[in-house]
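Once you know that position 7 of the sequence shown is 82 in my numbering, the rest is easy, because the numbers rise by one and skip nothing. Report on the following structure.
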Amino acid sequence: MSQIASTKPYLVRAIHEWCTDNGLTPHLLVVVNAQTRVPMAYVKDGQIVLNINYSATKNLHIGTDAVTFSARFNGASSELYVPMSAVRGIFARENGQGMFFEEDSSGDGSDEKGAQDVKVGDGSSPDASEVKKKPSLRVVK
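Quick look at the structure:
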């Protein structure tokens, strides 16, 4: 019997579609790991929040294994690659509604040491007006 596919990519696509259908801005919460290609200047505490609205991306593809797209950071275009195992959530910027996922226990090397930096602009950090506080959830028993 073959292994059943993960529901995560389907749920990410569904929340993305829900956001765009309702005029909301979909944001992707990503844990930076060895397979993730994102601009390291914007990584904070091993995580990054990415705007994946169609107006902010080019060639957005939410596949079964990864989310890939081009985006501009400080005016410089960058190719981003986010494996589905690194996706921790997708939510609407305006109201925080969305879906968050638990960390995969697959041991995919989810540490920041091996992460690949994407070259952007002059490497300066975004100013405070561009940085939005990401929502966080915790397990309550």
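By construction, the Cβ of each residue, glycine as well, lies at the ideal position given by its N, Cα and C atoms.
In summary, Gly173 is buried, with 16 or more beta-carbon neighbours lying within 10 Å of its beta-carbon over all protein chains present. In the DSSP assignment, Val87 falls within the alpha helix (DSSP H) that extends over 83 to 96.
Taking Ala80 as reference, the option from Ala131, Ser160, Asn128, Thr143 with the minimal CA-CA separation is Ser160. Taking C-alpha positions only, Phe144 is separated from Val215 by approximately 35 angstroms. Note on Arg147: under 16 other CB atoms within 10 angstroms of its CB, so exposed under the neighbour-count rule.
For the pair His91 and Ile137, the CB atoms are nearer than the 9 angstroms cut-off. The criterion of a C-beta distance shorter than 9 angstroms is satisfied by Pro84 and Asp140.
In the three-state reduction of the DSSP assignment, Tyr117 falls in the helix class, which pools H, G and I.
When secondary structure is reduced to three states using DSSP, Ser77 falls in the coil class, being assigned neither helix nor strand. By the criterion of a C-beta distance shorter than 6 angstroms, Glu169 is surrounded in its chain by Leu99, once the five residues flanking it on both sides are discounted.
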